[in-house]
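Have a look at the structure below, then the notes.
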Amino acid sequence: MQNSTPMDAYSISSNGNPAGSSEVATEQPADFRTEIMNVTEMEQSPDGSPSLNEEPADESEITNVGELPGTDVEAQFPAEYEKFWKAVEDNLQDFTGWVYLLQYVEQENHLLAARKAFDKFFTHYPYCYGYWKKYADLEKRHDNIKQSDEVYRRGLQAIPLSVDLWIHYINFLKETLEPGDAETCHTVRGTFEHAVLAAGTDFRSDRLWEMYINWENEQGNLKEVTAIYDRILGIPTQLYSHHFQRFREHIQNNLPRDLLTAEQFIQLRRELASVNGHSADDGPPGDDLPSGIEDITDPAKLITEIENMRHRLIEIHQEIFNHNEHEVSKRWTFEEGIKRPYFHVKPLEKAQLKNWKEYLEFEIENGTHERVVVLFERCVISCALYEDFWIKYAKYMENHSTEGVRHVYSRACTIHLPKKPMVHMLWAAFEEQQGNINEARSILKTFEECVLGLAMVRLRRVSLERRHGNMEEAECLLQDAMRNAKSSNESSFYAIKLARHLFKIQKNLPKARKVLWEAIERDKENPKLYLNLLEMEYSGDLKQNEESILTCFDRALHGSLPMKMRITFSQRKVEFLEDFGSDVNKLLDAYDEHQALLKEQDSLKRKAENGSEEPDEKKAHTEDATLASTQLIDGDMQANQAAYNYSAWYQYNYQNPWNYGQYYPPPPT
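Each residue of the sequence shown is one higher than the last, beginning at 1 in UniProt numbering.
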């Protein structure tokens with residue numbers, strides 16, 4: 001069975017060019033394929049754009065619009081511009097606002113205002129290929145051909161899989177380049193090669209391939225047309241059958257000598273001669289011409305040979321077609337499930353998300369690395385705002401390319417998902433794995449400055465410093481979070497984390513104790529503080545810490561905690577003195593105090609039943625009462641952190657797969 005390159009027997013090179021066709025071979029720079037396969041950085045600046053046999057416009061012509069010829073830096077923007085601009089500046093995620101702004105600058109046809117709007121828009125939404133076309137058209141309307149070309153290049157760097165944008169760009173080149181210039185053909189062919197290398201394996205890339213074939217036909221380059229068919233017939237695309245039909249017509253309507261390179265023609269002729277029982281070395285004595293290229297003078301033999309060659313060419317490609325048809329059939333259902341292959345801010349239906357996930361799993365299991373990467377690139381266009389797919393892409397690339405992983409995370413975090421925490425945290429973890437500690441710090445710090453108040457990110461920064469021995473920095477981060485907390489409960493959350501760090505990591509119980517006591521002064525009704533303080537005291541020498549433990553119990557009992565909480569702490573105090581106390585008098589006093597609290601509770605219940613008083617704490621503190629009802633086992637506090645409801649402080653409507661609430665499981669019994 002042949003693979004996707006049908007003419008291996010006739011020395012067709014791996015990039016689809018006939019061997020010996022040096023002109024075509026030199027016109028196939030693989031920038032875009034290399035960028036997709038290696039997933040190296042594809043910046044949106046002109047510096048990274050592909051060479052298309054033309055010097056790019058000077059960078060200042062694009063980045064500094066004030067220096068462009070014929071423009072006035074002091075020109076006033078349109079009257080309503082500031083209104084539309086402020087709307088998107090206040091909310092960069094307001095896609096509708098961006099649409100209104102871009103429509104307005106197009107309508108006003110104000111070049112400087114349009115450049116400012118489009119350039120800013122593409123820093124957030126580079127996958128909107130239609131707006132790249134609008135931007136390029138705007139420059140073209142102002143006769144800025146070089147600037148229009150640069151806009152196209154930037155767009156293609158941002159979204160190299162866009163078949164539509166490639167077609168628009170090629171049409172732009174045809175319109176703007178000199179038809180009679182010898183370099184024009186070279187430039188257009190080079191651009192076609194960039195296009196099919198970047199987007200030619202897309203299932204819906206048929207229009208691009210047909211455009212390439214038609215253009216080569218117009219140039220009269222039948223050999224190049226054959227080489228293109230050699231490539232497309234081995235690629236699973238939507239119109240695979242149509243391509244094969246057109247290939248058959250191409251073979252039937254032209255002479256084999258005109259369709260093949262000299263080397264391919266000779267090899268095919270030799271093969272047919274061998275099949276027909278003729279020796280490949282039966283040339284006339286003394287003839288220096290290599291066998292296979294001598295002319296046939298007998299018209300009947302010539303016609304027979306031509307038909308045999310045509311039949312053999314179609315037969316070879318029929319094998320490729322059959323294999324390709326099988327590959328298409330395996331993907332057809334997935335492709336039909338893709339209803340929105342382009343980018344949009346509107347959420348995708350669950351069925352489409354499911355289809356993408358299943359398609360990716362299929363391709364990972366059955367496809368080549370190139371096909372997997374191309375499918376991921378297609379997926380993150382349609383699903384750019386779903387971090388699950390970016391994470392899946394990065395995880396896949398971990399087995400193939402470190403730079404590829406970094407590039408995927410960078411695009412996701414800096415462009416498409418600047419406010420999604422999980423992808424940033426995974427990027428930071430990846431950089432930490434690679435030993436790039438400063439980069440990991442920078443990623444987490446930058447994200448935290450962008451999205452304030454996420455405990456999960458602050459705790460990740462703390463753990464990063466702890467893992468690398470920077471205990472003082474870890475402590476400072478927790479202290480800073482505690483100081484800048486927006487509520488007493490949030491401050492208490494970080495106080496508990498800081499105390500645990502000081503006690504468990506730095507082995508500094510007095511300092512940890514001080515942190516919690518200060519937190520209790522600020523948040524007297526928070527039972528979690530008392531529980532964590534007791535847990536720490538229980539973890540040490542109980543005889544030595546007895547006074548501190550009793551002091552904590554007394555503060556809880558005589559403070560402003562709800563009645564149920566006070567009774568729970570009172571019961572635990574009695575249990576502690578019973579199990580570990582050194583003074584029976586304290587035990588008896590604690591027992592009496594507990595009985596008094598129970599009587600007070602009964603009195604409050606009776607008043608509530610008579611309607612004379614409503615115990616507010618009954619409902620308001622149900623969760624905390626449940627929390628404090630944990631048992632003291634083997635001298636340790638059963639502080640089930642899952643019940644602490646830490647996740648309430650993440651301040652983010654986000655499923656937390658890290659399950660921070662389980663950081664501190666109950667101690668073993």
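Idealized CB from N, CA, C, for every residue including glycine. Quick caveat, the model's predicted, so the values are computed rather than measured.
At a Cβ-Cβ threshold of 7 Å, VAL151 and LEU173 do not count as neighbours. The beta-carbon separation of PHE334 and PHE376, rounded to 14 Å, does not stay under the 8 Å limit for a contact. Judged by DSSP in its simplified three-state form, VAL345 adopts coil rather than helix or strand. SER492 places its beta carbon less than 7 Å from that of ALA519. As the crow flies, the alpha-carbon of VAL374 is around 18 Å from that of LYS354.
Distance check between HIS323 and each of PHE430, CYS383, LEU233 and ASP149 places LEU233 closest, using alpha-carbon atoms only. Between ILE167 and LEU208, the beta carbon gap of about 6 Å places them in contact (Cβ cut-off 8 Å).
A distance below 7 Å separates the beta carbons of PHE84 and TYR100. The DSSP-derived three-state label of GLY404 is helix. DSSP places GLY453 outside both helix and strand once states are collapsed to three, so it counts as coil. The beta carbons of ILE381 and VAL372 sit no closer together than 7 Å. Membership of HIS168 in the alpha helix (DSSP H) is indicated by the continuous run 163 to 176. Runs of the alpha helix (DSSP H) lying entirely within the segment 64 to 143, each at least 4 residues long, are 81 to 90, 95 to 108, 111 to 124 and 129 to 141 in chain order. The way I'd put it, the segment 332 to 346 doesn't touch the segment 303 to 314; fewer than three beta-carbon pairs between them come closer than 8 Å. C-alpha of LEU604 to C-alpha of GLU525: approximately 20 Å in a straight line. Every candidate beta strand (DSSP E) stretch fails here, since none sits fully inside the segment 476 to 547 while reaching 3 residues. For HIS369, the CB contacts under 7 Å within the same chain, skipping 5 residues up- and downstream, are HIS400 in chain order.
Sixteen is the threshold: since fewer than 16 other Cβ atoms of the shown chains lie within 10 Å of the Cβ of CYS450, the residue is exposed.
For GLY200 against ILE235, the beta-carbon gap comes to about 7 Å, under 8 Å, which counts as contact. Judged by beta-carbon spacing, MET425 lies beyond the 7 Å limit of ARG461, meaning their Cβ atoms are not closer than that value. Looking at the backbone, the Cα of ARG246 and that of THR226 are separated by about 11 Å.
For TYR127, the closest of TRP215, PHE95 and LEU529 by C-alpha to C-alpha distance is PHE95.
The segment 432 to 448 makes no contact with the segment 478 to 485, as fewer than three CB pairs between them are under 8 Å.
GLY155: member of the alpha helix (DSSP H) spanning 145 to 158, first to last residue. Relative to GLN595, the option among VAL584, MET471, LYS497 and VAL574 whose CA is nearest is VAL574. For LYS607, the enclosing alpha helix (DSSP H) covers residues 584 to 609. LYS586 and LEU561 have their C-alpha atoms roughly 22 Å apart. Counting only the Cα atoms, HIS243 lies some 22 Å from LEU165.
Per the coordinates, the alpha-carbon of ASP202 lies some 31 Å from the alpha-carbon of PRO421. Per DSSP, reduced to three states, the secondary structure at CYS383 is coil, with no helix or strand assignment. When only Cα atoms are considered, ILE505 and VAL515 end up about 15 Å apart.
Taking the C-beta atoms as reference points, SER162 is found no nearer than 7 Å to TYR212.
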